[in-house]
Amino acid sequence: MARTHQLNVLSALDRAKKQRYHLTAAAVAGMGFLAGAYNLFSVALVSRLIGRVYYADPTRPGEPGALPPDAAAALNGAAYCGTFIGQLAFGWLGDRLGRRRAYGLSLSLMAACSAASGLSFGRTAKAVVATLCFFRFWLGVGAGGGYPLSAAIVAECQED
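Following this line, the structure appears as structure tokens:
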């Protein structure tokens, strides 16, 4: 009986006309996807700046510094490991809490860690990179959570 009722509800949703809510949900999901991708891929530009600021050689005053390869790999790897974990965790949370609530948590985590990444601190260059890696990991978790949830939200708002 419950299975038949669930199918009736889903078929009623499929027959419903598109409303402003559907467009708003699709726009928010798309913007969240864009913000997550931007945050993950902007590190290529930022890593050059970090190298110039924190890894400049004082014996060569005219030459800009460069981020060491291990620090660049850590910055990229932390975000992508977080993305993988976020996809799994927020996919599961989306099924348990509901997609909208889990997507809101994902976007909140991504926004907070994006701001915190800009405020990374430390006395040494390694400390700055370490705090940046920490915040980029959690940024990756939030961005990774946005990928499956935004795809599911947009798919639910589309007509057949």
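Taking the numbering used here, the leading residue of the sequence shown gets 223, the next gets one more, and so forth.
Don't be surprised by glycine CBs; every beta carbon is placed ideally from N, CA and C.
Here the structure is a predicted model, which means the values were calculated and not measured.
The shortest CA-to-CA distance from A338 to any of R358, A349 and G344 is the one to R358. Each of A349, T346 and A288 was checked against the Cα of L267, and the nearest Cα belongs to A288. Selection G316, V350, S328 and A293 evaluated against F255 yields S328 as nearest (Cα-Cα). In the DSSP assignment, D317 falls within the unbroken alpha helix (DSSP H) covering P291 to L319.
Residue environment for Y369: buried (at least 16 other C-beta atoms within 10 angstroms of its C-beta). Boundaries of the alpha helix (DSSP H) harbouring E378: A347 to E378, taken from the DSSP string.
For S330 and K348, the gap between their C-alpha atoms comes out near 28 Å. The C-alpha of C335 is placed about 30 Å away from the C-alpha of D279.
The C-beta distance from L297 to M332 rounds to 17 Å, too long to fall under 8 Å, and the pair is not in contact.
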